[in-house]
Amino acid sequence: MTVNRAIVSLALVFLLSLPASVFAAAPRVQVIEEVERGFNLAVSAGFAYDFRAPVPQTGPGFSVGIDAGYDIGIAFRLRGGIRTMFYSGSGDFRGQNLMLDWQAQLFWAGGALALFATKRWYAGVQASVGFLHVDNQTVGAIEVGGKNDVDISAGGYVEYYLGLRHFSIALEAWVDVLPMRGDVALVVAPVVRYSFGSGKVQTLRQPEDRDRDGVEDKYDKCPDVWGPESNRGCPEPDRDADGVPDRTDRC
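Pasting the structure below:
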């Protein structure tokens, strides 16, 4: 029983010492780095698919869009824009098989929330509401594109910042729900975005500290040798090498 208690005690001491060792190894200071973010403009071009198109035999369509946004903090972005979808299909009209084309414009506003963020990579979810205006082509008494509708959209995105973070490229996916038409559409599009940097976000990064003594290299007088902060990062003199600094060593 005594041996088992000793083993359990050693295991508990080891587990409890892990967090302390992790925090002790981390630098004691952090550097605040300003990142350019703020007002931005984006253009997109991709494909759209209408799952309940008003015209039978409708294939994937083409989608182009432009939007503006503003970053609030490092994780949230307000957005709004216009997206145009072009569709082509074929259908029977009075015994004739006709090729029919139509397009629709979506005016939308919403936001995006980053769930994952690093220095250059962002990924998250987005949602919006808007109004879908259909430019109908009338064949006989049939309005090919269907009726105007409200739009409720949700989706996700992955974004990568280039260079000095002004330019970024992204891949976005949207699912559009049109309740009055009883319709659902999918849009997937690459995006190119430019950030003007009218706002700045402060992010924290770990400083350069080669000897991991908690003193940043640019302030460390001995950046390659461990030393206390009180001695500017240099080892304190210890002539007899007994581990006791000379200033407190009586012998």
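In this text, residue positions in the sequence shown follow the working numbering: the first is -4, and each later residue adds one.
We treat Cβ as the ideally placed atom computed from N, Cα and C, and that holds for glycine.
Computed from a prediction, not measured in an experiment: that's the story for all the values here.
Taking the alpha carbon of residue i as the reference point, which residue from the options has its own alpha carbon closest?
| i | options | result |
| --- | --- | --- |
| V50 | A37, R74, D62 and Q98 | Q98 |
| S39 | L73, Y189 and C217 | Y189 |
| D146 | R205, L173 and V120 | L173 |
| F46 | W116, F191, V120 and D171 | D171 |
| G76 | G86, I61 and Y82 | I61 |
| S225 | Y82, D235, R234 and R242 | R242 |
| Y265 | N92, R74, D96 and L73 | The requested residue 265 does not occur in the structure, where the chain is confined to residues -4 to 246. |
| M80 | G41, G86 and R115 | G41 |
| F254 | H161, A48 and N92 | With the chain covering -4 to 246 only, the question about residue 254 has no answer from this structure. |
Between residue i and residue j, is the Cβ-Cβ spacing less than 9 Å?
| i | j | result |
| --- | --- | --- |
| A149 | L166 | no |
| F102 | G68 | no |
| P55 | Y44 | yes |
| V186 | E154 | yes |
| F71 | L36 | no |
| M94 | D144 | no |
| C246 | C229 | no |
| Y117 | Y156 | yes |
| R74 | A104 | yes |
Could you give the distance in angstroms between the alpha-carbon of residue i and the alpha-carbon of residue j?
| i | j | result |
| --- | --- | --- |
| Q100 | H128 | 5 Å |
| F34 | G177 | 35 Å |
| S123 | L110 | 17 Å |
| G106 | G151 | 11 Å |
| G141 | T113 | 43 Å |
| D130 | G84 | 15 Å |
| P240 | V210 | 19 Å |
| E231 | R115 | 41 Å |
| A63 | V120 | 17 Å |
| V234 | D244 | Note that residue 234 is Arg in the sequence shown here, rather than Val. Approximately 10 Å, taken between the alpha carbons. |
| N92 | I164 | 42 Å |
| A48 | G86 | 11 Å |
| D219 | D212 | 9 Å |
How would you label residue i, buried or exposed, when you count the other beta carbons within 10 angstroms and need 16 or more for buried?
| i | result |
| --- | --- |
| S58 | buried |
| A180 | buried |
| T53 | buried |
| G222 | buried |
| W169 | buried |
| G238 | exposed |
| D204 | buried |
| A236 | exposed |
Closer than 8 Å to a non-hydrogen atom of the ligand SAM - does that hold for the CB of residue i?
| i | result |
| --- | --- |
| R176 | In the structure on display, the ligand SAM does not appear, and there are no ligands present to speak of. |
For chain B, find out if any of its Cβ atoms is closer than 9 Å to the Cβ of residue i; answer yes or no.
| i | result |
| --- | --- |
| L108 | As a matter of chain content, chain B is missing from the structure shown, which is built from one protein chain. |
Inside the stretch 26 to 84 only - beta strand (DSSP E) runs reaching at least 3 residues: If you keep only unbroken beta strand (DSSP E) runs of at least 3 residues inside the stretch 26 to 84, you get 26 to 32, 34 to 45 and 56 to 67.
Complete beta strand (DSSP E) runs within the stretch 141 to 173 (minimum length 3 residues, chain order): You should have 144 to 156 and 162 to 173.
Whole runs of the beta strand (DSSP E) within the stretch 91 to 116, excluding any shorter than 3 residues: Annotation: the stretch 91 to 116 contains the following complete segments of the beta strand (DSSP E) (minimum length 3 residues), in chain order: 91 to 112.
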